[in-house]
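Novice: Using the numbering used here, the first residue of the sequence shown is number 12, and each one after it goes up by one.
Pasting a structure below so you can have a look.
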Amino acid sequence: WCCDANLQLTQAAVAWAAERPLGHVYLAGPPLWWVLGFYGLLATLLALPHWRPPRRWCAALLLAWLAVAALAPGIVRGRRPWASGQAELRCTFLSVGHGCCCVLELPDGRVMLYDAGQLGSPEAGARSISAYLWSRQIDHLDAVVLSHADVDHYNALPGLLKRFSIGSVVVSPVMFQDDAPALAALAEEIAAHNTPLTVVSSQQPAFHVGEVRIEVLHPPPQGVAGSDNANSVVLLVEYAGRKILLPGDLEPPGLGDVLAELPIDVDMALAPHHGSVRSSPTGFAQWCRPEFVVVSGGHGFDAEQARQAYTSAGATVLHTAETGAVTVRVSAGALVVETFRPGEEPLPTVH
């Protein structure tokens, strides 16, 4: 009973502290060079006791090194060590099971998310996404784009709002037209954190973030008749002559409207609706002619027909349930695709 009582007391104390303002703070971990320097210095002091300075100097040295971590470029909000010296667009499709989260790290250091959710525990999704962002020394999101009103595309956002400062949440004109309780709760969370809500549509001209061009291809301002999938926000991201297409769960009749536009040629495309046949993989592949296609989904979702359709069109298909996270790095010289789990054969580099 003593152990049980101690555990209950500890649990109660943690729960109480979690509810207090500033009872806990979420931070990105220190950079690798800082960790190596810290343990290297500690090992030196332990191995060479005769060279060890007085305790007050050790304390001052520790405080100075902690200050370096706090002031390091990787910890300062919204900027990372590699952002200033590396002209590269980095797009990572996280493996979140049946759901979607795409992290766009722009060359100027700004960061966007396209969708943030999964089927299952919202908190588990938020933890998974947060862990990746912190591993990249990201503690501020300039924008989070929610493609549409399906929970597997937005249910991690409330958890992210608690962990990160977010510049804006971007949605379609019809995102909050449904009176579903989950959507009402999402709107309340966004408002509670004083996060601006931005509405976009295909009527708006393309906008530039530094040298990155982002165009909203869908939906129109009035939306389209049909499901929330049909009204998915479709983004075309272009940098250094390379194009990445993000279509959410696009399906008819919205899919038909997009495919009726002039065909485009993209380097990387997210398979609409996790590779569902309802999103016409053959027609979609013929319209955008992708070099690579990412299927964001779990093991239980059958995307074999979509895989065959995209492969027949000449695309390399990557499924996040098999490869883990898929990262696309675009620079002036090439487009490089990497997977968390290495495949049997290296992926081609597009020059």
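In this text, a Cβ means the ideal position worked out from N, Cα and C, and glycines have one as well.
In whole angstroms, give me the CA-to-CA distance for LEU194 and PHE218.
Specialist: The residue you call residue 194 lines up with position 183 of the sequence shown. The residue you call residue 218 lines up with position 207 of the sequence shown. Taking the straight line from one Cα to the other gives about 28 angstroms.
Novice: Do VAL361 and ASP278 come within 8 angstroms of each other at the CB atom, strictly closer than that value?
Specialist: Numbered from its first residue, the sequence shown carries residue 278 at position 267. Numbered from its first residue, the sequence shown carries residue 361 at position 350. Closer than 8 angstroms, so yes.
Novice: In this structure, how does DSSP classify ALA58 when only helix, strand and coil are distinguished?
Specialist: For the purposes of this step, residue 58 is taken as residue 47 along the sequence shown, with counting starting at 1. In this structure, ALA58 counts as helix in the three-state DSSP scheme.
Novice: Does DSSP classify ILE149 as helix, strand or coil?
Specialist: Start at 1 with the first residue of the sequence shown, and residue 149 comes out as number 138. Judged by DSSP in its simplified three-state form, ILE149 adopts coil rather than helix or strand.
Novice: Rounded to the nearest angstrom, what separates ASN240 and ALA127 at their Cα positions?
Specialist: The sequence position of residue 240 within the sequence shown is 229, counting from 1. The sequence position of residue 127 within the sequence shown is 116, counting from 1. Taking the straight line from one Cα to the other gives about 15 angstroms.
Novice: When you compare each of GLY40, PRO64, VAL185 to SER141 by their alpha carbons, which one comes out closest?
Specialist: In the sequence shown, counting from the first residue as 1, residue 141 sits at position 130. Among GLY40, PRO64, VAL185, the Cα nearest to that of SER141 belongs to GLY40.
Novice: With three or more C-beta pairs closer than 8 angstroms as the rule, is the region 265-282 touching the region 291-311?
Specialist: yes
Novice: Can you give me the C-alpha to C-alpha distance between ARG66 and TRP44, rounded to a whole angstrom?
Specialist: In the sequence shown, counting from the first residue as 1, residue 66 sits at position 55. In the sequence shown, counting from the first residue as 1, residue 44 sits at position 33. So the two alpha carbons sit approximately 25 angstroms from each other.
Novice: If I follow the unbroken beta strand (DSSP E) through ILE255, where does it start and stop?
Specialist: If you number the sequence shown from 1, residue 255 lands on position 244. First-last of the beta strand (DSSP E) with ILE255: 253-257.
Novice: May I have the straight-line CA-CA distance separating TRP76 from LEU228, to the nearest angstrom?
Specialist: As a position in the sequence shown, residue 76 is number 65, starting the count at 1. As a position in the sequence shown, residue 228 is number 217, starting the count at 1. So the two alpha carbons sit approximately 48 angstroms from each other.
Novice: Rounded to the nearest angstrom, what separates LEU329 and TYR37 at their Cα positions?
Specialist: Translated into positions along the sequence shown, residue 329 becomes position 318. Translated into positions along the sequence shown, residue 37 becomes position 26. Those two C-alpha atoms are separated by around 32 angstroms.
Novice: To which residues of the same chain is ALA336 closer than 6 angstroms at the C-beta, ignoring the five residues directly before and after it?
Specialist: Mapped onto the sequence shown, residue 336 falls at position 325. Here the set comprises THR103, LEU105, SER106, PHE351.
Novice: Restricting to runs no shorter than 4 residues, where is the alpha helix (DSSP H) found entirely within the region 184-259?
Specialist: Qualifying alpha helix (DSSP H) stretches, in chain order: 192-203.
Novice: Report the residue from GLY51, GLU99, CYS113, ALA326 whose alpha carbon sits nearest the alpha carbon of PRO258.
Specialist: Your numbering for residue 258 matches position 247 in the sequence shown. The candidate whose alpha carbon is nearest that of PRO258 is CYS113.
Novice: To the nearest angstrom, how far is the alpha carbon of PRO84 from that of PHE49?
Specialist: As a first step, residue 84 is located in the sequence shown; it is residue number 73 there, counting from the start. As a first step, residue 49 is located in the sequence shown; it is residue number 38 there, counting from the start. Because the pLDDT at PRO84 is just 49, under 50, the model does not fix this residue reliably, and the value given afterwards should be weighed accordingly. If I take the Cα positions, the gap works out to 17 angstroms.
Novice: Measuring only the C-alpha atoms, how far is ILE86 from ARG121?
Specialist: Counted from its first residue, the sequence shown places residue 86 at position 75. Counted from its first residue, the sequence shown places residue 121 at position 110. Caution is warranted here: a pLDDT of 49 is assigned to ILE86, below 50, making its placement in the model unreliable, and the coordinate value is therefore given only provisionally. Using only the alpha carbons, I get a separation of about 14 angstroms.
Novice: Tell me which residues share the same chain as PRO301 and place their Cβ nearer than 6 angstroms to its Cβ, disregarding the 5 neighbours each side in the sequence.
Specialist: Counting from 1 along the sequence shown, the entry for residue 301 is found at position 290. Contacts found: VAL277, ALA280, ALA326.
Novice: In chain order, which alpha helix (DSSP H) runs of at least 4 residues are fully inside the region 114-165?
Specialist: 133-146
Novice: Between VAL245 and LEU261, which are expected to be in contact by the criterion C-beta below 8 angstroms, what is the C-beta distance as a whole number of angstroms?
Specialist: On the sequence shown, residue 245 is found 234 positions in, with the first residue counted as 1. On the sequence shown, residue 261 is found 250 positions in, with the first residue counted as 1. Confirmed, about 6 angstroms.
Novice: Using the beta-carbon count (16 or more within 10 Å), is ASP161 buried or exposed?
Specialist: Along the sequence shown, read from residue 1 onward, the residue named residue 161 stands at position 150. Burial call: buried.
Novice: By the 10 Å Cβ neighbour count, where 16 or more other Cβ atoms means buried, how is THR331 classified, buried or exposed?
Specialist: Numbered from its first residue, the sequence shown carries residue 331 at position 320. Counting of Cβ neighbours within 10 angstroms places THR331 among the buried residues, the total reaching 16 or more.
Novice: Of the choices GLU199, GLU249, ALA203, whose alpha-carbon is the least far from that of VAL223?
Specialist: Along the sequence shown, read from residue 1 onward, the residue named residue 223 stands at position 212. Measuring from the Cα of VAL223, the nearest candidate turns out to be GLU249.
Novice: Leaving out five residues on either side along the sequence, give the residues of the same chain with a beta carbon under 8 angstroms from the beta carbon of ASP163.
Specialist: Here residue 163 refers to the residue found at position 152 when the sequence shown is read from its first residue. Excluding residues within five positions, the ones whose Cβ falls inside 8 angstroms are HIS109, GLY110, CYS111, GLY128, GLN129, LEU130.
Novice: Below 6 angstroms CB to CB, which residues in the same chain sit around ASP119 once its five sequence neighbours on both sides are set aside?
Specialist: The sequence position of residue 119 within the sequence shown is 108, counting from 1. Closer than 6 angstroms at the Cβ level, and outside the excluded window around ASP119, lie GLY221.
Novice: Expressed to the nearest angstrom, what Euclidean distance is found between the alpha-carbon atoms of LEU52 and TYR143?
Specialist: Taking the first residue of the sequence shown as 1, we reach residue 52 at position 41. Taking the first residue of the sequence shown as 1, we reach residue 143 at position 132. Cα to Cα, LEU52 sits roughly 28 angstroms from TYR143.
Novice: Quick one: using the 10 Å Cβ neighbour count with 16 as the cut-off for buried, is TRP12 buried or exposed?
Specialist: Looking up residue 12 in the sequence shown gives position 1. The residue is exposed, with fewer than 16 neighbouring Cβ atoms inside 10 Å.
Novice: Keeping to the same chain, check which residues put their C-beta closer than 8 angstroms to that of HIS159; ignore five residues upstream and five downstream.
Specialist: Here residue 159 refers to the residue found at position 148 of the sequence shown. Taken in chain order, the residues that qualify are SER183, MET186, ASP239, ASN240, ASN242, SER243, VAL244, GLY259, ASP260.
Novice: So the candidates are CYS69, SER212, ILE225, ALA251; which of them puts its Cα closest to the Cα of PRO232?
Specialist: Here residue 232 refers to the residue found at position 221 when the sequence shown is read from its first residue. That would be SER212, whose Cα lies nearest to the Cα of PRO232.
Novice: Among the residues of its own chain, which have a CB less than 6 angstroms from the CB of GLN316, if the five just before and after it don't count?
Specialist: For the purposes of this step, residue 316 is taken as the residue at position 305 of the sequence shown. Here the set comprises VAL288.
Novice: How long is the line joining the alpha carbons of LEU100 and GLY178, rounded to whole angstroms?
Specialist: Taking the first residue of the sequence shown as 1, we reach residue 100 at position 89. Taking the first residue of the sequence shown as 1, we reach residue 178 at position 167. Rounded to the nearest angstrom, the two C-alpha atoms are 19 angstroms apart.
Novice: Going by beta-carbon coordinates alone, are THR209 and LEU172 separated by less than 8 angstroms?
Specialist: Walking along the sequence shown from the start, residue 209 turns up at place 198. Walking along the sequence shown from the start, residue 172 turns up at place 161. Not in contact: THR209 and LEU172 (Cβ atoms no closer than 8 angstroms).
Novice: I'd like to check one pair, ALA203 with ILE181: are the Cβ atoms closer than 8 angstroms?
Specialist: For the purposes of this step, residue 181 is taken as residue 170 along the sequence shown, with counting starting at 1. For the purposes of this step, residue 203 is taken as residue 192 along the sequence shown, with counting starting at 1. Going by the sequence as given, residue 181 is Val instead of Ile. The criterion of a C-beta distance shorter than 8 angstroms is not satisfied by VAL181 and ALA203.
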